[in-house]
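For reference, the structure discussed in these notes is given below.
Residue numbers (this note's numbering): 21 to 197.
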């Protein structure tokens with residue numbers, strides 16, 4: 021099909037095709053290839069940042085886990101899920117300009133997960149910043165099990181900040197060329 025689209029994991033291809041309609045690209049450009057290139061670059065940024073921040077990928081995070089997590093959706097959005105403290109989590113949803121039909125930022129300090137967070141499934145919230153997300157592609161937690169909730173929250177926040185900045189750069193170089 022195309023150089024970049026062919027590198028997209030099979031289970032993600034239909035979702036990436038669907039993103040094309042919600043992304044602004046110049047007419048005449050191969051929108052599917054542009055979106056695919058941006059998605060692949062964002063995936064690399066996410067993975068590299070996890071390694072730098074000493075975070076590890078998981079297939080799932082139980083909704084009652086005390087750990088916080090950082091999730092990457094099929095759409096390329098980030099979901100910061102703070103550690104469970106007094107029965108609630110601080111959650112931030114960020115769409116970094118990849119789509120035009122999702123909020124850029126939405127945050128809630130009193131969120132609860134309705135379901136376990138697992139790869140391939142949406143995250144649903146009670147009292148969350150969004151009702152639900154697109155399916156989750158990757159989930160990461162702090163590798164150090166001895167981190168306090170505050171340390172976890174800070175690590176997740178720092179990782180997300182780095183990723184957000186890099187995603188903006190990807191958008192500038194790939195989506196706006």
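C-beta atoms are modelled at their ideal positions from N, C-alpha and C, and glycine is treated no differently.
- Nearest in C-alpha terms to residue 155, of all of 68, 66, 96, 82, is 96.
- In the three-state scheme derived from DSSP, where H, G and I count as helix and E and B as strand, residue 78 is classed as strand.
- Residue 62 sits close to residue 190, with the two beta carbons spaced by under 8 Å.
- Residue 138 carries a strand assignment under DSSP once its states are collapsed to helix, strand and coil.
- Restricting attention to 72, 131, 94, the CA atom closest to the CA of residue 150 is found in 131.
- Your pair residue 85 and residue 104 checks out as a contact, with CB atoms roughly 7 Å apart and the cut at 8 Å.
- Apart from sequence neighbours up to five positions away, the residues of its chain that approach residue 140 with a beta-carbon distance below 6 Å are 155, ordered along the chain.
- When the five nearest sequence neighbours on each side are left out, the beta carbons in the same chain lying within less than 7 Å of the beta carbon of residue 172 are those of 87, 88, 103, 162, in order along the chain.
- Within the stretch 153-194, the beta strand (DSSP E) runs of at least 3 residues that lie entirely inside it are, in chain order, 156-162.
- By the Cβ neighbour-count rule, residue 93 is buried, with 16 or more other Cβ atoms within 10 Å of its own.
- For residue 54, the secondary structure class from DSSP, reduced to helix, strand or coil, is helix.
- When rounded, the separation of the alpha-carbon atoms in residue 192 and residue 146 is 34 Å.
- If you check the CB distance, residue 160 and residue 98 do not come in under 8 Å.
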